[in-house]
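Residue numbers (our numbering): 12 to 286.
C-beta: ideal position from N, C-alpha, C; glycine also.
These numbers come from a predicted model, not from an experiment.
One structure is given here, and the rest of the page talks about it.
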Amino acid sequence: MTSGVGALWSARNSLRILVKRDLAVKYQQSVLGYFWSLIEPLGMGAIYWFVFGVLYSGATRRHLGDASGSYPLFLITGIFAWMWASSAINEATNALTGQARLITTMNVPRQVFPIGRVTGRFAEYAAGLPILIGIAAVYAAHGKIHPGWSLLALPLAVAVQLVLLVGLSLLLSAWNVLMRDIERFMRLIIRVLFYATPIIYPLSLVRDSGMPTWVKVAYELNPLVGIFQLHHAIWYPDEFPDARLLATTVLGSLLVLAFGWWSFRRLEPAVLKEL
């Protein structure tokens, strides 16, 4: 894996070119261009704010407490991070099948192609950070949030999420070449994960529920749970994951990366033959 990382680093210029090409192709015939990476999560946030912030505002206040006054920020923070995760997983799954000609002709590590999709979607997430910071500044000016040391949760959240997504992209892209059902299966899994992760609701809602203990434990084994807690903790320090959840999240993400990298290298000969 160390030698593979070294080869990947030496091909960083190729990775940069692939990311720029993917972004250009994605938005080249769009009038609004990169603004779509902002419009979609903002639109989703408005819908969920209407449902949970207006129609079911009582339940939201009970579980968010003081944070209920800035619920739109809570939503947008989770949805921006979710758009990066879901789009990266979707696009990385077919990163090899959709670029077969490039893969068989370019002399670069094949990991560049799925990792390029993750990096491209991160660029879209980073483009939305000024919007997120602007919304947070408005709530901070009105005294509804009090960000401080918790802002340091942002680089930690991004780093752990990047590790997890790279591992998943390597794993899914290789398996999808050999079993094309993976792409369809992941569409279903992504829909389930959206509601099985504390994006639009706080983790306390799950912990205080009447579900069996083993279900709650299994729920928190999902690394995305701790990752989204870190994202929310940027503005809401009380949402910072406890030591057990943070350790589970970091260790789980690292294990996914190691397994994804190992699987990609083991399957690479079969993948190239299939392509």
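So, using beta-carbon positions, are residue i and residue j closer together than 8 Å?
{"i": "Ile146", "j": "Leu84", "result": "yes"}
{"i": "Ala207", "j": "Asn187", "result": "no"}
{"i": "Ser274", "j": "Leu204", "result": "no"}
{"i": "Ala96", "j": "Leu265", "result": "no"}
{"i": "Leu29", "j": "Val123", "result": "yes"}
{"i": "Leu175", "j": "Val267", "result": "yes"}
{"i": "Ala134", "j": "Phe239", "result": "no"}
{"i": "Ser161", "j": "Pro248", "result": "yes"}
{"i": "Gly127", "j": "Leu26", "result": "yes"}
{"i": "Phe131", "j": "Leu34", "result": "The sequence as given places Gly at residue 131; Phe does not occur at that position. Taking 8 Å as the Cβ cut-off, Gly131 and Leu34 qualify as a contacting pair."}
{"i": "Leu256", "j": "Glu231", "result": "yes"}
Whose C-beta lies closer than 6 Å to the C-beta of residue i among residues of the same chain, with five residues either side of it excluded?
{"i": "Ser180", "result": "Ala103, Pro125, Val129"}
{"i": "Phe251", "result": "Ala244"}
Output the distance between the C-alpha atoms of residue i and residue j, rounded to the nearest integer angstrom.
{"i": "Gly89", "j": "Leu53", "result": "11 Å"}
{"i": "Lys31", "j": "Ile210", "result": "29 Å"}
{"i": "Ala9", "j": "Ile201", "result": "Since the first residue shown for the chain is 12 and the last is 286, residue 9 is missing from the structure and cannot be characterised."}
{"i": "Ile142", "j": "Ala281", "result": "44 Å"}
{"i": "Ser98", "j": "Asn105", "result": "11 Å"}
{"i": "Gly221", "j": "Gly237", "result": "21 Å"}
{"i": "Ser81", "j": "Ile156", "result": "7 Å"}
{"i": "Pro213", "j": "Leu262", "result": "22 Å"}
{"i": "Ile193", "j": "Ser215", "result": "33 Å"}
{"i": "Trp272", "j": "Pro120", "result": "12 Å"}
Can you name, in chain order, every residue of its own chain whose Cβ lies under 7 Å from the Cβ of residue i, other than the five neighbours on each side?
{"i": "Leu165", "result": "Ile245"}
{"i": "Val226", "result": "none"}
{"i": "Thr108", "result": "Asn187, Val188"}
{"i": "Leu86", "result": "Gly56, Tyr59, Trp60, Ile211"}
{"i": "His153", "result": "none"}
{"i": "His242", "result": "Thr88, Gly89, Ala92, Ala168"}
Using 8 Å for Cβ pairs, my map puts residue i next to residue j. What's the rounded Cβ distance?
{"i": "Leu278", "j": "Leu167", "result": "Leu278 to Leu167, Cβ: 31 Å. No contact."}
Excluding sequence positions up to five away, which residues of its chain have a Cβ less than 8 Å from the Cβ of residue i?
{"i": "Ile100", "result": "Leu176, Leu179, Ser180, Leu183, Met197, Ile201"}
{"i": "Arg191", "result": "Thr108"}
Using a Cβ cut-off of 8 Å (strictly closer), state whether residue i contacts chain D.
{"i": "Glu194", "result": "The structure shown contains no chain D; it is built from a single protein chain."}
Three CB pairs or more closer than 8 Å across the stretch 111–118 and the stretch 151–171: With fewer than three CB-CB distances shorter than 8 Å, the stretch 111–118 does not count as touching the stretch 151–171.
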